[in-house]
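K.L.:
Protein chains: 2
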Amino acid sequence: MVLLAIRDDRLSLLLIRRASEPFRGCWALPGGFVLERESLDAAAARELAEEAGVTRVHLEPFGVYGDPDRDPRGRVISVGYVALVRADELVLQAATDADAAAWFPLDEPPALAFDHPRIVADARAHLRDALDREPVGAELLPESFSLAALQRVHEAVVGHAIDKRNFRRKVLAEGLVEAIEGELAGGAHRPAQLYRYAGRRGEAKREVGR
Amino acid sequence: MVLLAIRDDRLSLLLIRRASEPFRGCWALPGGFVLERESLDAAAARELAEEAGVTRVHLEPFGVYGDPDRDPRGRVISVGYVALVRADELVLQAATDADAAAWFPLDEPPALAFDHPRIVADARAHLRDALDREPVGAELLPESFSLAALQRVHEAVVGHAIDKRNFRRKVLAEGLVEAIEGELAGGAHRPAQLYRYAGRRGEAKREVGR
DNA sequence: CACCTTGGGTGTCGTGAAGACACGAAGCCT
DNA sequence: AGGCTTCGTGTCTTCACGACACCCAAGGTG
């Protein structure tokens, strides 16, 4: 599970430190096993609820990892899921096989156990592809947010700076997002217009394009 | 395994008719089980070699299917792979749990067993996404081919007709494909210029864009 | 209270990709 | 010889996107 949330305006990744032997003390992705009568999506949702205390999340599989030697303990096949959660809904729990959990910026993760570096990279690539198909920001930001916050999310995903005017033009042209009249954010300096996601998910972009 | 090849100028899908009971007599995707010490990719390659007698193929996972009720016999988790093969390299073998194998146009598949309709749809969507990232045609067509043949492949994948001039302009601008000087196809009417794939796979498109 | 600092908000131009669109050319068949 | 079928070609328009600079509003500071 690649669990992402915005922390200090940065897109961050939840990792646990392994308490038991293979890669003991290393940072690793949280995860768990699928139960006998449970779909993969349900398993991911359950693990997420157990570890992060969140239920309403964007949860999406992006890859399978089945190399026979990827786990020295034996044959483990993993399905990678990206989870986008709102920071204010998080309630971290103690995982059974970890002695610590911490957030790291997605840009600069620490050394990871197993083939987890590859999994994180794949998750990020997947997210980058999904960025202009799905309202990624909606799952990471609170109900109302400034366009600058949304831009920071996009920049973290694509990995480079985006021009402010171009970004605003594009986002507003998509029509997924609407200004909340009269609402302003009480920031440190000039207050920003707040926005919220408008319509349903998905095809909206194409509809607007016509 | 969603196994695709060009047959009669159409992009076609290999299906097997099930000989044993769940969905007996229904058409289904070919597939098999992963061995204890075998990667998923290796398992897919092995199944493909067993069933279609081909080894050098484009083989790519696109999804995981793990609903506990998807197979009435019990819990089976499947990984979907798309395989693109050249028709002239195919040597179909008898599969153990099938009494027949046949090709169907990808556009109009028959009723399928299990959740295979969904898997086929996902494979096609994956292929559509990959179409302008990877030299899809290179894996389906013989060494040398006419642009018209390549265009038919693309049309089959995207599902609609493409303007001939626009297609040629784009394909040639990408630089992935090069004319074979002096070679012409002996067709029914005016002979066509033959082409072949030029450079390596992958980033070529971006490099040309600069 | 004046000024500075900081982030918020706005418009234009140029370029490149892609879609729409029609006709002559070459070879085969009858 | 004529007709049929496929091959091969260029222009125009539209749109998405990137580059680019300045004023505005509020809080903090001296």
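Which chain is which? The protein sequence lines are A and B, in order. The opening residue of the first sequence carries number 840 in this note's numbering; numbering runs sequentially from there. The opening residue of the second sequence carries number 840 in this note's numbering; numbering runs sequentially from there. Glycine is no exception: its CB is placed at the ideal position from the N, C-alpha and C atoms.
#1: Which chain B residues are close to A/Val-903, counting only those with a beta carbon under 8 Å from its beta carbon?
#2: Using a beta-carbon distance below 8 Å, is A/Arg-876 in contact with chain B?
#3: Taking only the alpha-carbon atoms, compute the straight-line gap between B/Ser-985 and B/Ala-891 and give it to the nearest angstrom.
#4: Cβ of B/Arg-885 less than 8 Å from any chain A Cβ?
#5: Among the residues of its own chain, which have a CB less than 8 Å from the CB of A/Tyr-1034, if the five just before and after it don't count?
#6: Does the segment 946-956 of chain B touch the segment 1003-1011 of chain B, meaning 3 or more C-beta pairs lie closer than 8 Å?
#7: Can you tell me whether A/Gly-1048 is helix, strand or coil according to DSSP?
#8: Measure from the C-beta of A/Arg-914 to each C-beta in chain B and report whether the shortest distance is under 8 Å.
#9: Looking at the C-beta of B/Pro-907, does it have a partner C-beta in chain A at a distance below 8 Å?
#10: Which word fits B/Glu-860, buried or exposed, when buried means at least 16 other C-beta atoms lie within 10 angstroms of its C-beta?
#11: Leaving out the 5 sequence neighbours to the left and right, which residues in its chain are closer than 6 Å to B/Cys-865 when beta-carbon positions are compared?
#12: From the beta carbon of B/Val-896, is the nearest beta carbon of chain A less than 8 Å away?
#13: In angstroms with no decimal places, state the Cα-to-Cα distance between A/Leu-1023 and A/Asp-927.
#14: Please classify B/Pro-900: does DSSP put it in a helix, a strand, or coil?
#15: With a 10 Å radius around its C-beta and 16 neighbouring C-beta atoms as the bar for buried, classify B/Val-930 as buried or exposed.
#16: Could you spell out the range, first to last residue, of the beta strand (DSSP E) harbouring B/Ile-845?
#17: Using a Cβ-Cβ cut-off of less than 7 Å, give me the residues of the segment 992-1004 of chain B that come near chain A, in sequence order.
#18: Please report whether the beta-carbon of B/Val-930 lies at a distance below 8 Å from any beta-carbon of chain A.
#19: How many angstroms separate the CA atom of B/Asp-954 from the CA atom of B/Gly-871?
#20: Between B/Pro-981 and A/Leu-843, what straight-line distance do the alpha-carbon atoms span, to the nearest angstrom?
#21: Would you decide whether B/Asp-886 is buried or exposed? Buried here means 16 or more other CB atoms lie within 10 Å of its CB.
#22: B/Asp-848 to B/His-993, Cα distance in whole Å?
P.N.:
Let me spell this out:
#1: Counting from 1 along the first sequence, the entry for residue 903 of chain A is found at position 64. Against A/Val-903, the close residues of chain B are Leu-879, Pro-900, Val-903 and Val-918, in the order they occur along the chain (beta-carbon pairs closer than 8 Å).
#2: By 1-based counting over the first sequence, the position of residue 876 of chain A is 37. Output row for A/Arg-876: interface = yes.
#3: Position 146 of the second sequence, counted from the first residue, corresponds to residue 985 of chain B. Position 52 of the second sequence, counted from the first residue, corresponds to residue 891 of chain B. When only Cα atoms are considered, B/Ser-985 and B/Ala-891 end up about 25 Å apart.
#4: As a working mapping, residue 885 of chain B is identified with position 46 in the second sequence. Using a Cβ-Cβ cut-off of 8 Å, B/Arg-885 does not count as an interface residue toward chain A, since no Cβ of chain A sits closer than that to its own.
#5: Along the first sequence, read from residue 1 onward, the residue named residue 1034 of chain A stands at position 195. Hits under 8 Å: Ser-983, Phe-984, Ser-985, Leu-986, Leu-989, Val-1016, Glu-1017, Ala-1018 and Ile-1019.
#6: Fewer than three Cβ pairs drawn from the segment 1003-1011 of chain B and the segment 946-956 of chain B lie within less than 8 Å of each other, which leaves the two stretches out of contact.
#7: Locating residue 1048 of chain A in the first sequence gives position 209, counting from the first residue. Residue placement at A/Gly-1048 is poorly supported in this model, since its pLDDT is 27, which falls under 50; the coordinates are not used for a value here.
#8: Within the first sequence, the letter at position 75 stands for residue 914 of chain A. By the rule that beta-carbons nearer than 8 Å mark a contact, A/Arg-914 touches chain B.
#9: As a first step, residue 907 of chain B must be located in the second sequence, where it is residue number 68. By this cut-off, B/Pro-907 is an interface position.
#10: Within the second sequence, residue 860 of chain B is the residue found at index 21, counting from 1. So B/Glu-860 ends up on the exposed side.
#11: Your numbering for residue 865 of chain B matches position 26 in the second sequence. Once the five neighbours on either side are set aside, the close Cβ partners of B/Cys-865 are Arg-857 and Ala-952.
#12: For the purposes of this step, residue 896 of chain B is taken as residue 57 along the second sequence, with counting starting at 1. Not an interface residue.
#13: Residue 1023 of chain A sits at position 184 when you count from the first residue of the first sequence. Residue 927 of chain A sits at position 88 when you count from the first residue of the first sequence. Approximately 19 Å between the Cα atoms of the pair.
#14: Within the second sequence, the letter at position 61 stands for residue 900 of chain B. Judged by DSSP in its simplified three-state form, B/Pro-900 adopts strand.
#15: Residue numbering aside, residue 930 of chain B sits at position 91 when the second sequence is read from its first letter. So B/Val-930 ends up on the exposed side.
#16: To locate residue 845 of chain B, count along the second sequence from 1; it is residue 6. That run of the beta strand (DSSP E) goes 841-846.
#17: none
#18: Counted from its first residue, the second sequence places residue 930 of chain B at position 91. Not closer than 8 Å to any Cβ of chain A, the Cβ of B/Val-930 fails to qualify, so no.
#19: Counting from 1 along the second sequence, the entry for residue 954 of chain B is found at position 115. Counting from 1 along the second sequence, the entry for residue 871 of chain B is found at position 32. Cα to Cα, B/Asp-954 sits roughly 15 Å from B/Gly-871.
#20: Residue mapping note: residue 981 of chain B aligns to position 142 of the second sequence, counting from 1. Residue mapping note: residue 843 of chain A aligns to position 4 of the first sequence, counting from 1. When rounded, the distance between both Cα atoms is 45 Å.
#21: Taking the second sequence and counting its residues from 1, one reaches residue 886 of chain B at position 47. It is worth fixing the name first, because residue 886 of chain B is Glu in this sequence and not Asp. Under this definition B/Glu-886 is a buried residue.
#22: Walking along the second sequence from the start, residue 848 of chain B turns up at place 9. Walking along the second sequence from the start, residue 993 of chain B turns up at place 154. Taking the straight line joining both Cα atoms gives about 11 Å.
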